[in-house]
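Chemist:
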Amino acid sequence: EVLQKTVIYDPALEGGMRELDQTLYYRYPDRFRCEVRTPDAEQVLVVGPEGAIFVINGKIIAETENPFDHFKDLLLYREAEVLLKRLSQIDVNLDVVSLGRYKDRIAYVIGAKYPDESVPQIWIEKETFRPIRYVVRGGGSKDATSEEIEYADYMPLGKDRWYPARILFFQNGRLARMYVLKTFRVNPDLPDQLFDIAYLKTVYQPIADTQPSSPPTSELDEVKKTIRDFTKTFE
C-alpha cells in the first residue's frame, strides 16, 4: 500500500497546479487498485487479469486503462512471463534490445534501437536493473502525442523491495503529473473483494444501461459533467 501526493500541472488550473492525495494498492502478482478522492469526486481504478474498471462516484465509466495508468506495469508485474505478456499487449517489441543513455545513466532499452524514441519502449538501468523510463506512446508521426513516464529516487520498501519516491509523467515533453511517495505499508491485510473486478461490477452501476430505453438526458448530462469535472482536476 502506497500513499502518495499527486501533483497535476496544468496552465488552466489556478496557480498552474493542483495537489491530491492518492492511495495505491499492489496485490502481487497481477492485481492493482488506485483510489483518489477530491471534494467533488471519488475515483477507483482496479486492474486484474480479467481486465480493468474505472469508477467515478459509484458509476463504472470505462473498462480500460489510459496510457499513464501503465506506470504500474513495471512495479507490479514481477513474474517475467506476466510482464512480457503485458508489454507485448501495448506494442513493446520484445525482440529489439539496445543500450542507451538517459540522464547520464546507461540503460537497456527494450522495444527500440537507441536513440529511436518513436515507439513504445522501457528503459532498465544497467547497474541496478531497475526501471527508469517507460515510453508508453512515442511521437512517431507529426501529429502523435508522446507520453512517457520516469521513475526516480528509488528507496527501499522492506528488505528486498525498492520503489521510486518520485514518478514523473510527461506529455509531448511537458511535465504533466508527478507522484511523490509519502508513506507505505508492506503486506497490509486487505479484503480480496477490493481487487475482484467481477464482484465490483455487481457493486457499482454498470458502464451502460441494460434497458431497451435510453437513460434520461439529465442522467447522461450528469455523467458527462462528472467526467468533465474530474478530468479538469486529475487528468
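Per the working numbering, numbering through the sequence shown is continuous, rising by one, with the last residue being 252.
A virtual CB, placed ideally from N, CA and C, is assigned to each residue, including glycine.
(1) Inspect the CB distances between the region 39 to 49 and the region 89 to 105 and report whether three or more fall short of 8 angstroms.
(2) Taking only the alpha-carbon atoms, compute the straight-line gap between T55 and Q222 and give it to the nearest angstrom.
(3) For the region 31 to 104, list the alpha helix (DSSP H) runs that are entirely contained and at least 4 residues long, ordered along the chain.
(4) How far does the beta strand (DSSP E) with L192 in it extend, from its first residue to its last?
(5) Return the first residue and the last residue of the beta strand (DSSP E) that T23 is part of.
(6) What are the boundary residues of the beta strand (DSSP E) that includes V126?
(7) When DSSP labels each residue in this structure, what does F212 get in the three-state scheme?
(8) Any idea what DSSP makes of L116, helix, strand or coil?
(9) Provide the residue span of the beta strand (DSSP E) that contains E9, from first to last.
(10) For V19 versus M195, is the C-beta spacing smaller than 8 angstroms?
(11) By how many angstroms is the C-alpha of H87 removed from the C-alpha of K22?
(12) So, I78 versus A58, is the Cβ gap smaller than 8 angstroms?
(13) With three or more C-beta pairs closer than 8 angstroms as the rule, is the region 131 to 151 touching the region 102 to 118?
(14) Per DSSP, what are the beta-bridge partners of Y221 in this structure?
Modeler: According to the structure shown:
(1) yes
(2) 20 angstroms
(3) 90 to 93
(4) 191 to 201
(5) 19 to 26
(6) 122 to 127
(7) helix
(8) strand
(9) Within the shown structure, residues of the chain are numbered from 18 to 252, placing residue 9 beyond reach of any answer.
(10) no
(11) 18 angstroms
(12) no
(13) yes
(14) Answer is none; Y221 lacks a bridge partner.
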